[in-house]
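Only one structure is covered here, and it is reproduced in the block below.
Protein chains: 2
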Amino acid sequence: MLYAQIHLTLPAWVHEGIDAARPYPRDADKVALAIELSRRNIDAGSGGPFGAAVFGPDDRILSIGVNRVMPHACSLAHAETMAYMLAQQRTQRVRLNLDEEGRPVGPITLATSSQPCCQCYGATVWAGIDRLLIGARSEDVESLTDFDEGPLPLDWVGALEARGIVVARDIHRDAARDVLRRYGELDGPTY
Amino acid sequence: MLYAQIHLTLPAWVHEGIDAARPYPRDADKVALAIELSRRNIDAGSGGPFGAAVFGPDDRILSIGVNRVMPHACSLAHAETMAYMLAQQRTQRVRLNLDEEGRPVGPITLATSSQPCCQCYGATVWAGIDRLLIGARSEDVESLTDFDEGPLPLDWVGALEARGIVVARDIHRDAARDVLRRYGELDGPTY
Numbered sequence: 001m002l003y004a005q006i007h008l009t010l011p012a013w014v015h016e017g018i019d020a021a022r023p024y025p026r027d028a029d030k031v032a033l034a035i036e037l038s039r040r041n042i043d044a045g046s047g048g049p050f051g052a053a054v055f056g057p058d059d060r061i062l063s064i065g066v067n068r069v070m071p072h073a074c075s076l077a078h079a080e081t082m083a084y085m086l087a088q089q090r091t092q093r094v095r096l097n098l099d100e101e102g103r104p105v106g107p108i109t110l111a112t113s114s115q116p117c118c119q120c121y122g123a124t125v126w127a128g129i130d131r132l133l134i135g136a137r138s139e140d141v142e143s144l145t146d147f148d149e150g151p152l153p154l155d156w157v158g159a160l161e162a163r164g165i166v167v168a169r170d171i172h173r174d175a176a177r178d179v180l181r182r183y184g185e186l187d188g189p190t191y
Numbered sequence: 001m002l003y004a005q006i007h008l009t010l011p012a013w014v015h016e017g018i019d020a021a022r023p024y025p026r027d028a029d030k031v032a033l034a035i036e037l038s039r040r041n042i043d044a045g046s047g048g049p050f051g052a053a054v055f056g057p058d059d060r061i062l063s064i065g066v067n068r069v070m071p072h073a074c075s076l077a078h079a080e081t082m083a084y085m086l087a088q089q090r091t092q093r094v095r096l097n098l099d100e101e102g103r104p105v106g107p108i109t110l111a112t113s114s115q116p117c118c119q120c121y122g123a124t125v126w127a128g129i130d131r132l133l134i135g136a137r138s139e140d141v142e143s144l145t146d147f148d149e150g151p152l153p154l155d156w157v158g159a160l161e162a163r164g165i166v167v168a169r170d171i172h173r174d175a176a177r178d179v180l181r182r183y184g185e186l187d188g189p190t191y
């Protein structure tokens with residue numbers, strides 16, 4: 001028999017305590033939400049220490065994502081990929097920043113608690129975002145936990161910027177590192 | 001309101017005409033199936049010209065995948081990523097080649113009709129495969145269609161092989177190119 005159905009979910013706690021109606025105007029507000037999601041994910045035991053959110057041109061949430069690799073036995077279910085898929089499903093836009101006729105809809109932003117791994121890096125190339133906001137660096141992830149970030153193009157920032165995706169790093173880096181450090185001390189799974 | 005559910009499917013035709021019980025012992029048999037899936041996907045209008053399949057240590061199908069980007073408005077729904085997610089869901093193994101205690105289960109193979117793009121490249125690093133079998137090259141995809149393969153590490157083969165993933169290319173390359181060429185002439189969407 002061939003399996004033909006994939007079903008992925010966010011944990012139930014996302015429906016409590018996140019203000020999905022308010023704007024998150026500053027870059028720091030957006031990354032703070034991503035880090036808060038990463039923290040809540042490990043507190044709830046609902047996945048790894050990673051959170052992300054996609055914001056529309058009005059600075060409001062289009063989607064959020066957290067790592068769901070272990071609960072779903074799915075190596076694709078990273079925070080960034082969950083957020084991309086949920087934003088695309090909500091907007092029914094395969095490129096989040098283009099409408100049905102291929103016209104720009106205004107800047108789309110992904111905020112993530114840690115630098116995207118090799119898989120989320122590639123997903124970021126296709127998702128249709130204009131801005132990528134990052135908390136912790138890869139070296140933070142790899143030094144504070146046993147997670148591996150995987151192989152990237154040497155100039156990974158330049159390759160994104162060549163495609164019109166602006167990258168901003170080290171936003172609330174210390175707060176993002178605190179969550180990673182706490183997860184590293186818990187000795188949880190590192191998929 | 002926050003979206004929290006993702007549902008992805010293969011087209012209904014996968015349940016007809018694919019022998020999921022027989023072994024596919026040779027590399028060429030495995031890639032031929034991936035190319036056949038790519039061909040059927042464009043004939044049915046159910047997605048882009050890409051197919052893939054995951055095989056277990058007994059050379060039987062663990063899962064198949066085809067490109068479902070446009071039907072699902074989901075840039076993650078590439079052939080390889082669909083195949084990985086479906087094989088992981090079936091086996092409940094987050095690394096396809098490791099059991100619950102982290103012991104190797106025997107070689108796991110992905111066959112794909114075309115070289116993985118940057119996103120599927122990253123997904124391949126985490127999925128837990130031992131062998132990657134490829135039909136058409138990236139330059140075939142980019143010369144015969146308007147699809148873009150995205151930025152990869154300079155030595156992308158070497159980076160996989162350093163992680164224990166053996167790469168074999170140009171298997172039935174001409175047959176894979178034929179499907180790409182036909183899709184290119186159709187002028188279908190290139191997401």
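Line order of the protein sequences matches chains A and B. The first sequence begins at 1 in my numbering and counts up one residue at a time. The second sequence begins at 1 in my numbering and counts up one residue at a time. For each residue, glycine too, the CB sits at the ideal point set by N, CA and C.
Would you please state the rounded distance, in angstroms, between the beta carbons of residue i and residue j? I believe it to be under 8 Å.
| i | j | result |
| --- | --- | --- |
| B:Ile171 | B:Ile134 | 7 Å |
| B:Ala111 | B:Leu33 | 7 Å |
| A:Val14 | B:Leu2 | 6 Å |
| B:Leu37 | B:Val66 | 5 Å |
| B:Thr81 | B:Cys120 | 6 Å |
| B:Ile42 | B:Arg182 | 7 Å |
| B:Leu76 | A:Tyr84 | 6 Å |
| B:Thr109 | B:Arg131 | 4 Å |
| B:Ala28 | B:Ser113 | Not a contact, Cβ separation roughly 13 Å. |
| A:Asp146 | A:Thr190 | 4 Å |
| B:Ala87 | B:Ser63 | 4 Å |
| B:Leu154 | A:Leu160 | With a Cβ gap of about 16 Å, B:Leu154 and A:Leu160 do not count as contacting. |
| A:Gly122 | B:Cys118 | 4 Å |
| B:Pro57 | B:Pro107 | 6 Å |
Please tell me whether residue i has its Cβ less than 8 Å away from any Cβ of chain A.
| i | result |
| --- | --- |
| B:Ser46 | no |
| B:Gly122 | yes |
| B:Val69 | yes |
Quick one: list the residues of chain B neighbouring residue i, beta-carbon separation under 7 Å, in chain order.
| i | result |
| --- | --- |
| A:Arg93 | Ala73 |
| A:Leu10 | Ala4 |
Cβ of residue i less than 8 Å from any chain B Cβ?
| i | result |
| --- | --- |
| A:Gly164 | no |
| A:Arg131 | no |
| A:Val125 | yes |
| A:Tyr183 | no |
May I ask you to list the residues that DSSP assigns as paired with residue i?
| i | result |
| --- | --- |
| B:Gly65 | B:Ala52 |
| A:Arg131 | A:Thr109, A:Val166 |
| A:Thr9 | B:Gln5 |
| B:Leu154 | Its beta-bridge partners do not exist; DSSP assigns none. |
| B:Ala136 | B:Ser114 |
| B:Leu33 | Paired residue(s): none; B:Leu33 is not in a bridge. |
| B:Ser104 | Note that residue 104 of chain B is Pro in the sequence shown, not Ser. Answer by DSSP bridge pairing, in chain order: B:Leu98. |
Residues of chain B with a CB under 8 Å from the CB of residue i: which are they?
| i | result |
| --- | --- |
| A:Leu110 | Within 8 Å Cβ-Cβ: nothing; A:Leu110 doesn't reach chain B, min ~13 Å. |
| A:Val14 | Leu2, Ala4 |
Could you list which residues in chain A have their beta carbon closer than 9 Å to that of residue i, in chain order?
| i | result |
| --- | --- |
| B:Ile134 | Those do not exist, as B:Ile134 stays about 16 Å from chain A at its closest Cβ, beyond 9 Å. |
So residue i contacts chain A; which residues on that side make the cut at Cβ distance below 8 Å?
| i | result |
| --- | --- |
| B:Ser63 | Leu2, Tyr3 |
| B:Gln119 | Gln119, Gly122, Ala123, Val125, Trp126 |
Who are the neighbours of residue i on chain A, taking C-beta pairs under 7 Å?
| i | result |
| --- | --- |
| B:Thr190 | The contacting residues do not exist; B:Thr190 stays about 11 Å from chain A at best. |
Could you list which residues in chain B have their beta carbon closer than 9 Å to that of residue i, in chain order?
| i | result |
| --- | --- |
| A:Gln89 | Tyr3, Gln5, Ile6, His7, His72, Ala73, Cys74 |
| A:Pro86 | Going by the sequence as given, residue 86 of chain A is Leu instead of Pro. Leu2, Tyr3, Ala4, Gln5, Ile6, listed in chain order. |
| A:Ala20 | Met1, Leu2 |
For chain E, is any of its Cβ atoms less than 8 Å away from the one on residue i?
| i | result |
| --- | --- |
| A:Val166 | Going by chain labels, chain E is absent from the structure shown, which instead holds the protein chains A and B. |
Check each residue of the region 27-47 of chain A: if its Cβ is closer than 7 Å to any Cβ of chain B, include it; give the result in chain order.
Within the region 27-47 of chain A, no residue qualifies.
Could you name the residues of the region 144-162 of chain A whose beta carbon sits closer than 7 Å to any beta carbon of chain B, in the order they occur along the chain?
Of all residues in the region 144-162 of chain A, Gly150, Pro151, Leu152, Pro153, Leu154, Ala159 have a Cβ within less than 7 Å of some Cβ in chain B.
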